[in-house]
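Some notes on the structure that comes next.
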Amino acid sequence: MSQGNEIKHEEKGGATDRMKEGPFLWGAATSSYQVEGGIINNDWDFFTRSEKVRDRIVKLTSIAAATSNSDKDNKKNKGDEQSSSPEKDTKQNHRSSDYQPQWQLEQLAKQRSNADIIRLQPAGVAVNAWDSKYYEQDIDNAVRLGLNALRISLEWSRIQPEENKWDNDSIEHYRNMINSMRSRGLTPIITLNHFTLPLWVSTPPMEFSRNLLANAILPPKMKHLPLVDPIAAELN
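In the working numbering, the protein residues as written are 557 to 792.
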């Protein structure tokens, strides 16, 4: 997303003009939750604000990062062993093949760089692409780049914020966005669902959630995972 940054357009007859020729679609893409801003009523926003979910993601990615770094160290050790003496080879081969228990992997993760550890954060205002001022500028920049298509996704927590309740203003907003693309010669590509759902879809009634946990429908190890029902995960 450009937020109004100017993009130079190639001279007529250049690569950008050739992109517009023929049936091939050459475009850019966005995702509603990532760019629109102000979306607080969907499951992904819930996950990013849930302390349980955030902590679990940090823990899992920390272990994954530690395992990856451990594998790299073992490969490095093996490389060093090839150039070492036979006596050292025996000792180093033994060390590199030792099993690393869970607590060692977690400890190793703390000592490593945090670059591979995922810390969920709400999208917040994102780049404020819901504001027509900014999405119009992005459409203009797509045209300047010589693109002939632009992909967006629909945020259903805007369109249907509650069960059996439709937000006509949001529907009209998407319609205006699509018409703006068409008026500039861009083919709109619409992603009907980009992995986000309104909270009411993924949150069954409270009583159902309690029964779900009480009857142990989910295996014990899965009860802490926010696979389907955020409320059930929190109740557990």
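C-beta atoms are modelled at their ideal positions from N, C-alpha and C, and glycine is treated no differently.
Fair warning: this is a prediction, and the values are worked out from it, not measured in the lab.
Rounded separation between residue i and residue j - CA only
i: Ser726; j: Ile715; result: 6 Å
i: Ser709; j: Asp672; result: 28 Å
i: Gln677; j: Arg605; result: 7 Å
i: Ser653; j: Thr623; result: Any answer about Ser653 is weak, because its pLDDT of 41 lies below 50 and its placement is not dependable; what the coordinates show is given next. Using only the alpha carbons, I get a separation of about 14 Å.
i: Gly593; j: Ala679; result: 7 Å
i: Arg612; j: Val591; result: 25 Å
i: Ala621; j: Arg675; result: 13 Å
i: Phe751; j: Phe602; result: 13 Å
i: Val683; j: Leu701; result: 20 Å
i: Leu748; j: Lys615; result: 32 Å
i: Phe580; j: Glu607; result: 45 Å
i: Thr759; j: Gly741; result: 41 Å
i: Arg731; j: Lys689; result: 15 Å
Contacting residues, own chain, Cβ-Cβ under 7 Å from residue i (five flanking each side not counted)
i: Glu719; result: Trp756
i: Ser736; result: Glu692, Ile695
i: Trp582; result: Met575, Leu703, Asn704, Ala705
i: Met733; result: Tyr691, Ile708
i: Trp600; result: Tyr589, Thr752
i: Pro754; result: Asn597, Asn598, Trp712, Ser713, Gln716, Pro717
i: Lys721; result: none
Under the three-state DSSP convention, the category residue i falls into
i: Leu753; result: coil
i: Ile673; result: coil
i: Glu718; result: strand
i: Ala698; result: helix
i: Arg740; result: coil
Own chain residues within Cβ distance below 8 Å of residue i, not counting five before or after
i: Trp686; result: Glu592, Gly593, Gly594, His729
i: Thr617; result: Asp672, Ile673, Ile674
i: Thr498; result: Here the chain comprises residues numbered 557 to 792, so residue 498 is not present and cannot be evaluated.
i: Asp723; result: Arg714, Ile715, Gln716, Pro717
i: Val699; result: Arg740, Gly741, Leu742
Contact set for residue i: own chain, Cβ-Cβ below 6 Å, skip 5 residues either direction
i: Ile745; result: Ala705, Arg707
i: Thr586; result: Ile708
i: Ser739; result: none
i: Val681; result: Gly593
Complete runs of the alpha helix (DSSP H) confined to the segment 570 to 624 [at least 4 residues]: Within the segment 570 to 624, the complete alpha helix (DSSP H) runs of at least 4 residues are 571 to 575, 588 to 591, 599 to 605.
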